[in-house]
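First to last, the protein sequences are chains V and H. Residue 109 in my numbering sits at position 109 of the first sequence, and the numbers go up by one each step. Residue 1019 in my numbering sits at position 19 of the second sequence, and the numbers go up by one each step. Backbone N, C-alpha and C fix where the C-beta goes; we use that ideal spot for every residue, glycine too. A short worksheet on the structure shown next.
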Amino acid sequence: AQSVTQPDIHITVSEGASLELRCNYSYGATPYLFWYVQSPGQGLQLLLKYFSGDTLVQGIKGFEAEFKRSQSSFNLRKPSVHWSDAAEYFCAVGADGGNEKLTFGTGTRLTIIP
Amino acid sequence: DAGVIQSPRHEVTEMGQEVTLRCKPISGHNSLFWYRQTMMRGLELLIYFNNNVPIDDSGMPEDRFSAKMPNASFSTLKIQPSEPRDSAVYFCASSMGQRSGNTIYFGEGSWLTVV
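Listed below in structure tokens is the structure:
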């Protein structure tokens, strides 16, 4: 069965600093990988996704993520965070074979300090 | 375009009462998902429909929970009787069909408190 680990429960970053959120997945074949963001009181919004091809994917709001098969990782990065990036971030993995089920990680809460 | 629409946004109910949560997926989407989010368990998939047919309900916690999708534009999640441990945020989501990697779009959630 597929699974996702987000090892950091909470990260604090200064505004303007760079950001990297970690995500490790477990799945036997080629995974479909996603990053979602959840602002307080809101639903989840897709930031970016990886299916195949270029292992560095660009998303909305200046985010990018890199798929590294050898490390089973799909870390999310942003070169310079803004106060509005404060939110909860979820990594998710989907299986192939026509099943759309996503398995989510436990999330990383991002706090931005001035 | 309108996104996934859920109602009610907030509900407070007494233990033992029936709760019905409603969802309107994005027009043209034929897969629909119900997720539950709690602090303890995170995001859990409860049930997944494709073309109005339940494909996987293995995440439905127990018989008190039921979900229906009578047509392509409406789904309900019912809890009867409700218990305090059902307090959570329930998200409905939809996507464009049974193909892996389709983007799943989430509603804003129904915040349920059972007292």
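Spanning the alpha carbons of V:F74 and V:K68 requires a straight line of approximately 6 Å. Per DSSP, H:H1010 is one residue of the beta strand (DSSP E) stretching across 1010-1013. The bridge partners DSSP lists for H:P1054 are H:F1049. For V:H10, the enclosing beta strand (DSSP E) starts and ends at 10-14. When only Cα atoms are considered, H:R1064 and H:C1092 end up about 18 Å apart. Here V:T108 is actually not in contact with H:G1042; their C-beta atoms are around 12 Å apart, not less than 8 Å.
Per DSSP, V:R22 is not a residue of any beta strand (DSSP E), being assigned neither H nor E. H:Y1105 is positioned such that its CB atom lies no closer than 8 Å to that of H:R1036. Listed as beta-bridge partners of V:N75 by DSSP are V:E66.
The alpha-carbon of H:V1114 is positioned some 23 Å away from that of V:L44.
Shown here for V:S26: same chain residues with a beta carbon closer than 6 Å to its own, the five before and five after excluded, namely S3 in chain order.
V:Q6: not part of any beta strand (DSSP E); DSSP gives it neither H nor E. If you draw a straight line from the Cα of V:W35 to the Cα of V:A87, it comes to about 13 Å.
Residue contact with chain H for V:L44: present (Cβ-Cβ distance below 8 Å to some residue of chain H). Sixteen is the threshold: when 16 or more other Cβ atoms of the shown chains lie within 10 Å of the Cβ of V:P31, as they do, the residue is buried. V:Y50 and H:E1018 have their alpha carbons spaced roughly 40 Å apart. Rounded to whole angstroms, V:V57 and V:G16 show a C-alpha spacing of 22 Å. Interface with chain V (8 Å Cβ-Cβ cutoff): H:L1045 is included.
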